[in-house]
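Line by line, the protein sequences are chains A and B.
For the first sequence, the working numbering begins at 648 and goes up steadily by one.
For the second sequence, the working numbering begins at 648 and goes up steadily by one.
Number of protein chains: 2
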Amino acid sequence: MRVVELAGGVGGARLAFGLQVEVGSELTVVVNTGDDTDRHGLHVSPDLDSVMYTLAGLDDPVNGWGVRDETWTVSEQLGRLGEETWFRLGDRDLATHIVRTARLRSGERLSEVTTTIARALGVRALIQPMTDDPVRTMIRTDDGWLEFQEYFVHRHQEPAVREIRFDGIERAEAPARVRAEIGFADAIVIAPSNPLVSVAPILEVRDMRTLLATARRAGTPIVAVSPIVGGRAIKGPADRMLASLGHEASALGVARLLAATASGFVLDGVDAALAPAIQSLGMRALVTDTLMTDDAARTRLAHEVLEFARAIRD
Amino acid sequence: MRVVELAGGVGGARLAFGLQVEVGSELTVVVNTGDDTDRHGLHVSPDLDSVMYTLAGLDDPVNGWGVRDETWTVSEQLGRLGEETWFRLGDRDLATHIVRTARLRSGERLSEVTTTIARALGVRALIQPMTDDPVRTMIRTDDGWLEFQEYFVHRHQEPAVREIRFDGIERAEAPARVRAEIGFADAIVIAPSNPLVSVAPILEVRDMRTLLATARRAGTPIVAVSPIVGGRAIKGPADRMLASLGHEASALGVARLLAATASGFVLDGVDAALAPAIQSLGMRALVTDTLMTDDAARTRLAHEVLEFARAIRD
Numbered sequence: 648m649r650v651v652e653l654a655g656g657v658g659g660a661r662l663a664f665g666l667q668v669e670v671g672s673e674l675t676v677v678v679n680t681g682d683d684t685d686r687h688g689l690h691v692s693p694d695l696d697s698v699m700y701t702l703a704g705l706d707d708p709v710n711g712w713g714v715r716d717e718t719w720t721v722s723e724q725l726g727r728l729g730e731e732t733w734f735r736l737g738d739r740d741l742a743t744h745i746v747r748t749a750r751l752r753s754g755e756r757l758s759e760v761t762t763t764i765a766r767a768l769g770v771r772a773l774i775q776p777m778t779d780d781p782v783r784t785m786i787r788t789d790d791g792w793l794e795f796q797e798y799f800v801h802r803h804q805e806p807a808v809r810e811i812r813f814d815g816i817e818r819a820e821a822p823a824r825v826r827a828e829i830g831f832a833d834a835i836v837i838a839p840s841n842p843l844v845s846v847a848p849i850l851e852v853r854d855m856r857t858l859l860a861t862a863r864r865a866g867t868p869i870v871a872v873s874p875i876v877g878g879r880a881i882k883g884p885a886d887r888m889l890a891s892l893g894h895e896a897s898a899l900g901v902a903r904l905l906a907a908t909a910s911g912f913v914l915d916g917v918d919a920a921l922a923p924a925i926q927s928l929g930m931r932a933l934v935t936d937t938l939m940t941d942d943a944a945r946t947r948l949a950h951e952v953l954e955f956a957r958a959i960r961d
Numbered sequence: 648m649r650v651v652e653l654a655g656g657v658g659g660a661r662l663a664f665g666l667q668v669e670v671g672s673e674l675t676v677v678v679n680t681g682d683d684t685d686r687h688g689l690h691v692s693p694d695l696d697s698v699m700y701t702l703a704g705l706d707d708p709v710n711g712w713g714v715r716d717e718t719w720t721v722s723e724q725l726g727r728l729g730e731e732t733w734f735r736l737g738d739r740d741l742a743t744h745i746v747r748t749a750r751l752r753s754g755e756r757l758s759e760v761t762t763t764i765a766r767a768l769g770v771r772a773l774i775q776p777m778t779d780d781p782v783r784t785m786i787r788t789d790d791g792w793l794e795f796q797e798y799f800v801h802r803h804q805e806p807a808v809r810e811i812r813f814d815g816i817e818r819a820e821a822p823a824r825v826r827a828e829i830g831f832a833d834a835i836v837i838a839p840s841n842p843l844v845s846v847a848p849i850l851e852v853r854d855m856r857t858l859l860a861t862a863r864r865a866g867t868p869i870v871a872v873s874p875i876v877g878g879r880a881i882k883g884p885a886d887r888m889l890a891s892l893g894h895e896a897s898a899l900g901v902a903r904l905l906a907a908t909a910s911g912f913v914l915d916g917v918d919a920a921l922a923p924a925i926q927s928l929g930m931r932a933l934v935t936d937t938l939m940t941d942d943a944a945r946t947r948l949a950h951e952v953l954e955f956a957r958a959i960r961d
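Below you can see the structure in the form of structure tokens.
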């Protein structure tokens, strides 16, 4: 069963872990790169790396980002040399950024570099950036426009979000392999990632909505998993972002944003009462336990999501 | 007493340590950058860093390069990602290369970046590259032309050296601060560094010989310290290089190479018999213990070199 997952960071990475257990190398994870940033001259791709480290079994179970058992020697020395270090980069994580930056500078595409690094780390699935072109998510707050990581990490997601834009998105094309995999997929899964800053940029890449619509018309199920459970984001500021931008901070609010794209929607048991409203948006609904508290829970949810996708297709 | 030292790596760094004890912030160290190299997309300046770490009191007493009590986490991970790691870069050392590379890419000059990093590490002396322009020392062996670090580190200086060239040297200019400090200097010291690959590129920077000749005519003593003791290089392949390129592998051989530039020459006690021949080249000679086995020895030698310079000037 060929599966394509559209993913942001931690939630996308955890479901990807389960999907990789289910379908192995038949999984392609298409990852948001709007959060990419330049740190100390190095190209950092936080969501790509969360997915990569998780699929390699190297993810940090405490932070939810970076590499487990990480050390911070370089970062501490960078601080001594006068660099801003609020965006913390671990030593082993830095090796990824150093290799990525060197290869990008030598002319390789981000999609190629990602494949090389993921393979070296033993990842079976194919991990691809949503685009090889530069896209930068910008967040307007009452303090003006902020680069995403400035808002997310430096300001701890505290300022209320008034507007979001994806600089460069109108010129961003999906890598050829992503376009092909979406065409070949037996199921497409939209991860439980922030719909406004993780999933939205992927959907706004040029032709992406058309590719997904074409796949859907050809019978490919597109199943979204809610990142909002009981009105709260499992991780991150999605609930507050939804509210401050005039959406409902609930699984139903997310379902409304994705109703034009997805044919199925997975929501948590605590939100079961929202299922009829979600179905009335034209989507099939699956109510189950969506909390991925350990590897077994990730795999179980992935299994149920794929079963649900099969049921929609049939 | 304003002192300018022309220096390569370890020998230059050790004498610089002593000179800094003697004259503090009145020391300017002009450092060879022909050994600079690109590793993993990062700009590495081995000689600049040997001098900088030594003057900051951070030098590794075992290796003679890098930072003491270093860790190697990033390098090991770079190896896992398929990178060549024969040029070993420690974690704290990498912070230097990351900052240098980022600042160079943002348009700063190497001389500016070096000043910033050295200041952050608490160095009192001024450390300057011989030039802000790219120069690459190339070594011809029986296996063809090799980049310097390929010869020096990867091949362990084993191939016989047939020819040396400094790519880019004809367009390389000394930084403004270097030109000024040579003009202001009360003494100029040529470090006990390899005369063929550490001192020679500094002397071949555009106008450098003219600057030194002008200073010398104005009465500024220029004192060279022999890196060859008892016919052997204290460190590195200088003795074998001298021999394979048709020079005498001795303090006298070094003195012949520097006779047109220096007015004084310091040689080790074991080579005292060479003093008359060196004097007959037109240089004053000082015979003393030149081995810098510990901090006290570095400071004593620096003190004697400066006393010798004063004697030449008077």
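Glycine included, every Cβ here is placed at the ideal spot set by N, Cα and C.
Looking at the DSSP output, A/Ala-880 sits in a beta bridge with A/Ile-875. Close CB contacts of B/Ala-949 within its chain, under the 7 Å cut and outside five residues either way in sequence, are with Leu-662, Gly-665, Leu-666, Val-668 and Glu-669 (chain order). At a C-beta separation below 7 Å, A/Val-746 has these neighbours in chain B: His-687, Leu-725, Leu-728 and Glu-730.
Between B/Leu-725 and A/Ala-767, the CB-CB gap reaches or exceeds 7 Å.
The criterion of a C-beta distance shorter than 7 Å is satisfied by A/Thr-778 and A/Ala-821. Note that the C-beta distance between B/Pro-884 and B/Gln-804 is below 7 Å.
Around B/Arg-752, the beta-carbon contacts reaching into chain A at under 8 Å are Gly-688. Of the residues assessed, B/Ala-865 falls on the exposed side of the cut-off, its CB having fewer than 16 other CB atoms within 10 angstroms. Taking C-beta atoms under 8 Å as the contact rule, A/Asn-841 and A/Gly-681 fail to qualify, at a distance of about 11 Å. C-alpha of B/Arg-947 to C-alpha of B/Ala-660: approximately 15 Å in a straight line.
If you check each beta-carbon in the stretch 696-723 of chain A against every beta-carbon of chain B, the ones closer than 7 Å belong to Thr-718, Thr-720 and Val-721.
Using a 10 angstroms sphere on the CB of A/Gly-893, the tally of other CB atoms stays under 16, which defines it as exposed.
Interface annotation, A/Arg-735: not in contact with chain B, CB-CB separation never under 7 Å. For B/Gly-659, the three-state secondary structure derived from DSSP is helix. Using a 10 angstroms sphere on the CB of B/Pro-848, the tally of other CB atoms reaches 16 or more, which defines it as buried. B/Ala-890 has a beta carbon lying at 7 Å or more from every beta carbon in chain A. A/Asp-814: member of the beta strand (DSSP E) spanning 810-814, first to last residue.
Secondary structure at A/Gln-804: coil, using DSSP grouped into helix, strand and coil.
At least 7 Å separates the CB of B/Arg-783 from every CB of chain A. By the Cβ neighbour-count rule, A/Asp-941 is exposed, with fewer than 16 other Cβ atoms within 10 Å of its own.
Within chain A, the residues Leu-728 have their CB atoms less than 8 Å from the CB of B/Ile-764, given in chain order. In this structure, B/Arg-739 is the residue among B/Leu-933, B/Ser-758, B/Ser-845 and B/Arg-739 with its C-alpha nearest to the C-alpha of A/Glu-723. Taking a contact as a CB-CB distance under 8 Å, the pair A/Met-930 and A/Gly-911 counts as one, their CB atoms being some 6 Å apart. For the beta strand (DSSP E) assignment, the uninterrupted runs of no fewer than 3 residues enclosed by the stretch 710-783 of chain B are, from N- to C-terminal side, 773-776.
For chain B, none of the residues of the stretch 922-952 of chain A brings a beta carbon within less than 9 Å of one of its beta carbons. For a cut-off of 8 Å, the C-beta gap from B/Ser-845 to B/Asp-694 is around 7 Å, short enough to register as a contact. At least one CB of chain B lies nearer than 7 Å to the CB of A/Ala-742. In the three-state reduction of the DSSP assignment, B/Ala-838 falls in the coil class, being assigned neither a helical nor a strand state. In chain order, Thr-720, Val-721, Glu-723, Gln-724 and Arg-727 make up the part of chain B whose C-beta sits under 9 Å from the C-beta of A/Arg-739.
Per DSSP, reduced to three states, the secondary structure at A/Glu-817 is helical. Taking a beta-carbon distance threshold of 7 Å, B/Ala-749 counts as an interface residue toward chain A.
Within the same chain, Cβ atoms closer than 6 Å to the Cβ of A/Leu-933 are found at Val-913 and Phe-955, the five residues on either side in sequence being excluded.
For B/Phe-831, no beta strand (DSSP E) encloses it; the enclosing alpha helix (DSSP H) starts and ends at 823-831. Of all residues in the stretch 821-840 of chain B, none comes within less than 7 Å of chain A when Cβ atoms are compared. Sixteen is the threshold: since fewer than 16 other Cβ atoms of the shown chains lie within 10 Å of the Cβ of A/Ala-860, the residue is exposed. One alpha carbon belongs to B/Val-782, the other to B/Glu-817, and they sit about 9 Å apart.
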